[in-house]
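Report on the structure given below.
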Amino acid sequence: MKVVALRRILMTLAQAEGFYAEHKARPFFASLTTYMSSGPCYIAVLEGDNAQEKWREIMGATNPAQAAEGTIRKDLGVDVEKNSVHGSDSAASAAREISYFFAEADIVA
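This is the structure we're talking about:
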């Protein structure tokens with residue numbers, strides 16, 4: 138995989154709420170968005186064959202307690218709501234999520 142865009146930000150609560158808007162009705166929405174806006178984070182766009190699937194494998198299961206050894210969530214996740222990493226689950230989600238933080242000119246393939 139190749140990193141084609143990278144940014145370090147301190148996400149505001151409003152940005153986190155907008156990014157995770159599809160989960161607004163879920164009981165974990167407030168704790169998720171509060172956690173995501175609690176400190177700096179890195180936002181990246183990855184490119185490559187099966188990049189989505191590969192990244193999701195590197196991240197590990199959503200619940201760190203169920204994630205494989207050596208994955209980001211196993212090593213750095215706090216719990217299922219504070220699992221310390223996000224990855225798009227589909228091409229449509231990736232397109233929406235990338236455009237939320239990056240302009241087309243920011244992505245250098």
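The numbering of the sequence shown is my numbering, which starts it at 138 and goes up by one. For every residue, glycine included, the Cβ atom is placed at its ideal position computed from N, Cα and C.
Cβ separation of residue i and residue j, assumed to be a contact under 8 Å, to the nearest whole Å
| i | j | result |
| --- | --- | --- |
| Leu143 | Tyr179 | 7 Å |
| Ser174 | Ala153 | 5 Å |
| Ile209 | Val222 | 5 Å |
Bridge partners - residue i, DSSP secondary structure assignment
| i | result |
| --- | --- |
| Val182 | Ala142 |
Local Cβ density within 10 Å of residue i, reported as buried at 16 or more and exposed below that
| i | result |
| --- | --- |
| Thr149 | exposed |
| Asn187 | exposed |
| Ala202 | exposed |
| Ala228 | exposed |
| Ala158 | exposed |
| Ala204 | buried |
Span separating the alpha-carbon of residue i from that of residue j
| i | j | result |
| --- | --- | --- |
| Ser225 | Gln189 | 7 Å |
| Val141 | Pro177 | 20 Å |
| Asn200 | Phe156 | 20 Å |
| Ile146 | Phe238 | 10 Å |
| Ile244 | Leu213 | 27 Å |
| Val217 | Val182 | 23 Å |
| Lys161 | Ser230 | 16 Å |
Residue-level contact to chain C via CB, residue i, 8 Å cutoff
| i | result |
| --- | --- |
| Met138 | Chain labels in this structure do not include chain C; a single protein chain is all it has. |
Beta-carbon gap between residue i and residue j smaller than 8 Å
| i | j | result |
| --- | --- | --- |
| Met305 | Glu194 | Summary: the structure shown does not reach residue 305, with the chain confined to residues 138 through 246, and so no result is reported for it. |
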